[in-house]
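Participant:
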Amino acid sequence: MTPSPHRRLPVAAATLLALFLLVLARRIGGESTVLLVASSLAMFGCCWASAAHLLGGAASTRLVAIALAFGWLAEQLGSSYGWFFGSYTYTPVLGPRLLDVPVVIPMMWFALAYVGYVVANLIVWQDPVDGPATLGHDALMALLGAMVVTCYDLGVDPYMVYVLKAWIMTEKDGWWFGETVQGFAGWMTVAFAILFAFRRLARVRAPAAAGATLRHVLVPLSVYAGLMVFQVLLGYPVEARTIALFAMGFPLLAATLGLLRWRGILVRPASAARTGAADLGQQAFKEAA
């Protein structure tokens, strides 16, 4: 019997993740347009395979569509009119373009948004996926996910501009190693818009598949960890390497602890649980009185 596409997802996600990490490691020896495009495509593919398993086919496709559309539109408006990120122009370094925007850029927006979604859920709920919620809940969770995404940009932006020369900024005397703070506001805005729109449109929670799900949750965490290690090793200027370690390391560690709680590996000590229950009982008694 031929395996269903859903059953092939673990293999596809693991294969593409391995390819992404290998190409990312190869980039340490020297950047090229081919390696940049290859790593971006592998990251996009492994994150989509992971999302299809965790969120379900329909929800993951919505996230891909929203991220590609929002990401491309924001970058096109940015490169053409200076919206969101400040005035800049892409160079040929990132490969083929759709109008002014390299094709891989919207793909990266999807991968980073998906990582931000999973990391935020693990931090808050100790679960990679959450279900339908209120408008305020979705806004707060989208904001947290957008912050996780922007933590990545803190270290990568100067590297992309001054080492890779992937794009040219019109203003070169900003407060962040020559970069403008407006760029980070743009990252927050676009990432928030993608995640908030997805949370409002994808209302059905995917069922937990306890056995195979763990491997798919490890995909976005591994992608984020790989990007962090790359920045720690090659970040420019050198100060950005320490910034990347703590800016990306903190949400990554918090999400990893949430993953351990979700799997039941990390549990609250029994004595602490009893103390907490007793405190809650005393508080309830006081309120009743």
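Residue numbers (full-length UniProt numbering): 1 to 289. Yeah, the Cβ is synthetic: ideal placement off N, Cα and C, and Gly gets one too. Here the structure is a predicted model, which is why all the values come from computation and not from measurement.
Would you grab the beta carbon distance between residue 164 and residue 93 for me? Rounded to a whole angstrom, and I think it's under 8 Å.
Facilitator: Indeed they touch by this definition, with Cβ atoms about 6 Å apart.
Participant: In whole angstroms, give me the CA-to-CA distance for residue 103 and residue 68.
Facilitator: Roughly 10 Å between the two C-alpha positions.
Participant: Whose CA, out of 84, 172, 90, 158, lies closest to the CA of residue 70?
Facilitator: Checked all of 84, 172, 90, 158; the closest Cα to residue 70 is 84.
Participant: Restricting to runs no shorter than 3 residues, where is the beta strand (DSSP E) found entirely within the stretch 45 to 100?
Facilitator: Taking only runs of at least 3 residues, the beta strand (DSSP E) segments lying wholly in the stretch 45 to 100 are 88 to 90.
Participant: On the DSSP letters alone, give me the boundaries of the beta strand (DSSP E) that residue 169 sits inside.
Facilitator: Looking at the DSSP string, the run of the beta strand (DSSP E) that includes residue 169 is 167 to 169.
Participant: Rounded to a whole number of angstroms, what is the C-alpha to C-alpha distance between residue 18 and residue 172?
Facilitator: So the two alpha carbons sit approximately 37 Å from each other.
Participant: Residue 12 by DSSP, collapsed to three states: which one?
Facilitator: Residue state, collapsed to three classes: helix.
Participant: Please give the ranges of any beta strand (DSSP E) in the stretch 181 to 259, keeping only runs that are unbroken, at least 3 residues long and fully inside the region.
Facilitator: Segments of the beta strand (DSSP E) lying fully in the stretch 181 to 259: there are none.
Participant: Looking only at its own chain, which residues have a Cβ that is under 6 Å from the Cβ of residue 37, when we skip the five neighbours before and after it?
Facilitator: Taken in chain order, the residues that qualify are 95, 104.
Participant: Measure the C-alpha to C-alpha separation of residue 258 and residue 264 and round it to an integer number of angstroms.
Facilitator: Those two C-alpha atoms are separated by around 10 Å.
Participant: Keeping to the same chain, check which residues put their C-beta closer than 8 Å to that of residue 77; ignore five residues upstream and five downstream.
Facilitator: Excluding positions up to five away in sequence, the list reads 83, 84.
Participant: Three or more beta-carbon pairs under 8 Å between the stretch 174 to 181 and the stretch 216 to 232, yes or no?
Facilitator: Flag = no, the stretch 174 to 181 and the stretch 216 to 232 do not touch.
Participant: Buried or exposed for residue 64, going by 16 or more other Cβ atoms inside 10 Å?
Facilitator: Looking at its Cβ environment, which holds 16 or more other Cβ atoms inside 10 Å, residue 64 is buried.
Participant: Assuming residue 168 contacts residue 88 (C-beta within less than 8 Å), just tell me the rounded distance between them.
Facilitator: So it is a contact: roughly 6 Å between Cβ atoms.
Participant: Would you kindly report the start and end of the unbroken alpha helix (DSSP H) that includes residue 132?
Facilitator: Taken as a continuous stretch (DSSP letters only), residue 132 belongs to no alpha helix (DSSP H), as it is neither H nor E.
Participant: From the DSSP secondary-structure annotation, give me the bridge partner or partners of residue 176.
Facilitator: Note: residue 176 sits in a beta bridge opposite 179.
Participant: How would you call residue 60, buried or exposed, if buried means at least 16 neighbouring beta carbons within 10 angstroms?
Facilitator: That one is buried.
Participant: Going by C-alpha to C-alpha distance, which of 66, 42, 131, 97 sits closest to residue 113?
Facilitator: If we check each option's Cα against that of residue 113, 66 comes out closest.
Participant: State the start and end residues of the unbroken alpha helix (DSSP H) segment that holds residue 106.
Facilitator: Here the alpha helix (DSSP H) through residue 106 covers 104 to 125.
Participant: Among the candidates 146, 256, 21, whose CA atom is the shortest distance from the CA of residue 197?
Facilitator: Comparing Cα positions, the closest option is 146.
Participant: Report buried or exposed for residue 80, applying the criterion of at least 16 other Cβ atoms within 10 angstroms of its Cβ.
Facilitator: Classification of residue 80: exposed, given that the 10 Å Cβ count is below 16.
Participant: Could you pull out every residue in the same chain whose Cβ sits closer than 7 Å to the Cβ of residue 270, ignoring the five residues on either side in sequence?
Facilitator: Nothing listed; no residue qualifies.
Participant: According to the neighbour-count rule (16 or more other Cβ atoms, all chains shown, within 10 Å of its Cβ), is residue 251 buried or exposed?
Facilitator: By the 10 Å Cβ count, residue 251 comes out buried.
Participant: Once the 5 residues before and after residue 75 are set aside, which same chain residues still bring their CB inside 6 Å of it?
Facilitator: Excluding residues within five positions, the ones whose Cβ falls inside 6 Å are 101, 105.
Participant: Output the distance between the C-alpha atoms of residue 35 and residue 221, rounded to the nearest integer angstrom.
Facilitator: Going by the C-alpha atoms only, they are around 21 Å apart.
Participant: What would DSSP say about residue 32, mapped onto helix, strand or coil?
Facilitator: Correct three-state label for residue 32: coil.
Participant: Alpha carbon to alpha carbon, what distance is there between residue 48 and residue 116?
Facilitator: When rounded, the distance between both Cα atoms is 14 Å.
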